[in-house]
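Enquirer: Here it is, the structure, as structure tokens.
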Amino acid sequence: MKRDWMELDKEYLLPTYGRMPVVVKQAEGMYITDEEDNRYLDMFSGLAVNILGHCHPLLVEEIKGQAQLFSHISNFFYNKPAILLAEKLVHYTFPGKIFFTNSGAESTEAAIKYIHKYGKAHDRKGMMVFKNSFHGRTSGALKLTRMASVQQDFDTIEAPVYQLDGQDIDQLKDFIQKHKPAAFIFEPISGSGGIQVITKDFMEAAERLCKENQVLFCVDEIQTGMGRTGKLFAYQHTDVKPDILLFAKGIGGGLPLGGILVAEEFSHYFKSGDHGTTFAPNPISSALGLKTLEILEGGLLEHVVEMEAYLMEGLRKVRESFPTLIGDIRGLGMMMGMDILGDVTTLKDDFMKKNILINITNGNILRLLPPLIIEKGDIDIFIKALTEILTEWKD
Ligand SMILES: Cc1ncc(COP(=O)(O)O)c(C=O)c1O
């Protein structure tokens, strides 16, 4: 019996997502194939997760290999793939210690608890963030947990949040002086918030201010990390060094994994029992993370930089032809945003008709997050489709 997957989805799943009409049958490399055998070019890679595209043969092999050894153990035991992954991440970033999670929001939760512990020790409270920031969607399991040893004083986490209007160093300074916050947490490029790139100058000035004032400098690289911008982490385009680095998405090679890396000098604030989770770090996700890093090391970062230049040139040429339909184009590596000046309601469908999957964020921003294995030929296909769509819009 042929089943109507879209109807079944509507019947059994809460309607939190605006899905595209694609029932996935299979995916490989840059392409996703649906039940009707339509083949789509994937320009957003599971929202920055499938950085090596779909079903990379080396990752498939790795999944099989690790699944035959063990696929879950609890944190009561030592987990070799996770230890190796932590070692490698530290090697590529800065000395410190990791707490692994299953997702981006859980990484943010771990950071919030960590910042709370740090704040208590230094008589500081609260966090500074950017307007339009996105750090996750969870809300408060610990408030309902009544085991004193687990809840500790986390239920009273008083975390006032101070919102920066933009990259305004004076406002940051003002908040620090007035409120004594414990941390500043930000995305180097806002993902969901519209691909706003934080400048090197702002980042370095903000880091200086934070370090002079005992404010933890926390960089959320959940979306920008794992080679997305042409460096392993986007902060590496600057001279800053995070006190806490948040990661997730691509780190598990397509499976759930995330975490925080706390710089060595601050790594003594969590003690045994202060935080925990059942699943993370999943051994298969960890093994995939290791393999992904190995593949990234083998020239993929350079490839991302090359593709960035090619994509940017293509996008700028399209803008020259349609200056009234395309505004600002910005981003780094394979994380690009483009302001669409027309009505974007049909844009996803327009691309789907041309067998391309794209993502729109924060109103009218076309966000491109393709797998990092993208080639010039794929970019040509995208640029041709964009040109055709805008020509149709104009007519
Ligand atoms: C910068 C950033 N932080 C946190 C999150 C939350 O991650 P997750 O959806 O895995 O909970 C996201 C997800 O898009 C993100 O882009």
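UniProt numbering puts the first residue of the sequence shown at 1, with every later residue one more than the last.
Backbone N, C-alpha and C fix where the C-beta goes; we use that ideal spot for every residue, glycine too.
For clarity, every value in this text was computed on a predicted model and none was experimentally measured.
(1) Among the residues of its own chain, which have a CB less than 7 Å from the CB of S45, if the five just before and after it don't count?
(2) Hey, which unbroken runs of the beta strand (DSSP E) at 3 residues or more fall wholly within the stretch 179-218?
(3) I'd like the span of the beta strand (DSSP E) that includes V305, first residue to last.
(4) How many angstroms separate the CA atom of M336 from the CA atom of I189?
(5) Cβ atoms of P81 and Q66: under 8 Å apart, would you say?
(6) Are the beta-carbon atoms belonging to S107 and G289 less than 8 Å from one another?
(7) Whose C-beta lies closer than 7 Å to the C-beta of K200 among residues of the same chain, with five residues either side of it excluded?
(8) Between which two residues does the alpha helix (DSSP H) holding Q68 run?
(9) Tell me whether E109 counts as near ligand 1, meaning its Cβ is closer than 7 Å to at least one heavy atom of that ligand.
(10) Out of curiosity, what's the CA-to-CA distance linking D165 and A205?
(11) Got a sec: does ligand 1 put a non-hydrogen atom nearer than 7 Å to the Cβ of S192?
(12) Going residue by residue through the stretch 355-392, where are the continuous beta strand (DSSP E) segments of at least 3 residues, counting only ones entirely within it?
(13) Using three-state DSSP, classify V90 as helix, strand or coil.
(14) Quick one: give me the first and last residue of the alpha helix (DSSP H) that I222 is part of.
(15) From which residue to which residue does the alpha helix (DSSP H) around A121 run?
(16) Given this structure, state the Cα-to-Cα distance separating E320 from T387, to the nearest angstrom.
(17) Put F100 into one of helix, strand or coil per three-state DSSP.
(18) Tell me whether I198 counts as near ligand 1, meaning its Cβ is closer than 7 Å to at least one heavy atom of that ligand.
(19) Given a threshold of 16 other Cβ atoms within 10 Å of its Cβ, counted over all protein chains shown, does P242 qualify as buried or as exposed?
(20) When we look at the beta-carbon of L8 and count the other beta-carbons within 10 Å, is it buried (16 or more) or exposed?
(21) If you draw a straight line from the alpha carbon of T138 to that of G104, how long is it in whole angstroms?
(22) Considering Cα atoms alone, identify which of E36, T16, L47 and N38 is closest to I222.
(23) Nearer than 7 Å: is that true of the beta carbon of E36 relative to any heavy atom of ligand 1?
(24) According to the neighbour-count rule (16 or more other Cβ atoms, all chains shown, within 10 Å of its Cβ), is G18 buried or exposed?
(25) Starting from K25 and walking both ways along the beta strand (DSSP E), at which residues does that stretch end?
(26) Taking 7 Å as the limit between beta carbons, can you name the residues of its chain near Q151, skipping five residues before and five after?
(27) For F100 and E264, what's the separation of their Cα atoms in angstroms?
Expert: Put simply:
(1) Cβ neighbours of S45 beyond the five flanking positions: I51, L369, P370 and P371.
(2) Runs of the beta strand (DSSP E) lying entirely within the stretch 179-218, each at least 3 residues long, are 183-186 in chain order.
(3) First-last for V305: L301 to S321, but that is the alpha helix (DSSP H), not the beta strand (DSSP E).
(4) Distance between the alpha carbons of M336 and I189: 10 Å.
(5) P81 sits close to Q66, with the two beta carbons spaced by under 8 Å.
(6) Contact flag unset, no.
(7) Once the five neighbours on either side are set aside, the close Cβ partners of K200 are H237 and T238.
(8) Counting along the chain, the alpha helix (DSSP H) containing Q68 begins and ends at P57 to L69.
(9) It does not: the Cβ of E109 is nowhere closer than 7 Å to a heavy atom of ligand 1.
(10) Answer to the nearest angstrom: the Cα atoms are 16 Å apart.
(11) For ligand 1, at least one heavy atom lies less than 7 Å from the Cβ of S192.
(12) Within the stretch 355-392, the complete beta strand (DSSP E) segments of 3 residues or longer fall at 359-361 and 365-368, listed in chain order.
(13) Helix.
(14) It is not in any alpha helix (DSSP H) - I222 carries neither H nor E in the DSSP assignment.
(15) Note, A121: alpha helix (DSSP H), G104 to H122.
(16) Each residue's Cα considered, the two are about 11 Å apart.
(17) F100 sits in a strand when the DSSP states are folded into three classes.
(18) For I198, the Cβ stays outside the 7 Å cut-off from all heavy atoms of ligand 1.
(19) Looking at its Cβ environment, which holds 16 or more other Cβ atoms inside 10 Å, P242 is buried.
(20) Within a 10 Å sphere around the beta-carbon of L8 sit fewer than 16 other beta-carbons, which makes this residue exposed.
(21) So the two alpha carbons sit approximately 10 Å from each other.
(22) It is L47.
(23) For ligand 1, not one heavy atom lies less than 7 Å from the Cβ of E36.
(24) Around the beta carbon of G18, fewer than 16 other beta carbons lie within 10 angstroms, which makes this residue exposed.
(25) Here the beta strand (DSSP E) through K25 covers V24 to E28.
(26) Excluding sequence neighbours, Q151 sits near L142 and T145.
(27) Computed Cα separation, rounded: 16 Å.
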